[in-house]
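Remarks on the structure that follows.
In our numbering, the protein residues as written are 7 to 173.
Here it is, written out as structure tokens:
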């Protein structure tokens, strides 16, 4: 009997990890504007080819349009974390976010959703502010739902280069 139970154990873990209740973060659009003189329509969408994101320099801007989905469950919270080399701004639908207590703090990149919100969209604007020696920067998103399951995580990895000006 124990041998049969051990055989079914991997199937049980696979079924749990594939739960429809796990929330999902999807990067719908990822626009990069590296030339401040370029027209707004000249920006490229890297959402489906993030490995092709060019190295960025101080002043470059990124706009990440995120789709947040509770997969049938209500959304609970969203958290944005970024490295010190970049400044981020979070834009969201204020009618979907709780203002009670200190659970929502957009400046810290943290949102707490109101009851009934199962899907929403968020815009994250990133500006490169400085260059550190390693040149690798991360912007990470975390999403949790009210379902009894693990949350979701999505990350945008960026390379930052020093802007060498001819003197």
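All C-beta atoms, glycine included, are put in the ideal place defined by N, C-alpha and C.
Using a threshold of 9 Å, state whether the C-beta atoms of residue i and residue j are closer than that.
{"i": "residue 33", "j": "residue 71", "result": "yes"}
{"i": "residue 81", "j": "residue 152", "result": "yes"}
{"i": "residue 69", "j": "residue 130", "result": "yes"}
{"i": "residue 167", "j": "residue 141", "result": "yes"}
{"i": "residue 109", "j": "residue 147", "result": "no"}
{"i": "residue 178", "j": "residue 57", "result": "Since the first and last residues shown for the chain are 7 and 173, residue 178 lies out of range."}
Does DSSP classify residue i as helix, strand or coil?
{"i": "residue 96", "result": "strand"}
{"i": "residue 14", "result": "Because residue 14 carries a pLDDT of 40, less than 50, the predicted location of this residue cannot be relied on, and the following value inherits that uncertainty. Looking at residue 14 - three-state DSSP - the assignment turns out to be helix."}
{"i": "residue 101", "result": "helix"}
{"i": "residue 112", "result": "helix"}
{"i": "residue 121", "result": "coil"}
{"i": "residue 89", "result": "coil"}
{"i": "residue 156", "result": "coil"}
{"i": "residue 50", "result": "strand"}
{"i": "residue 143", "result": "strand"}
{"i": "residue 135", "result": "coil"}
Expressed to the nearest angstrom, what Euclidean distance is found between the alpha-carbon atoms of residue i and residue j?
{"i": "residue 76", "j": "residue 122", "result": "11 Å"}
{"i": "residue 78", "j": "residue 119", "result": "15 Å"}
{"i": "residue 60", "j": "residue 165", "result": "7 Å"}
{"i": "residue 74", "j": "residue 66", "result": "25 Å"}
{"i": "residue 160", "j": "residue 115", "result": "14 Å"}
{"i": "residue 83", "j": "residue 89", "result": "20 Å"}
{"i": "residue 98", "j": "residue 64", "result": "26 Å"}
{"i": "residue 145", "j": "residue 107", "result": "26 Å"}
For this session: Take every Cβ of the stretch 156 to 165, pair it with every Cβ of the stretch 100 to 112, and state whether three or more of those distances are shorter than 8 Å.
Result: no
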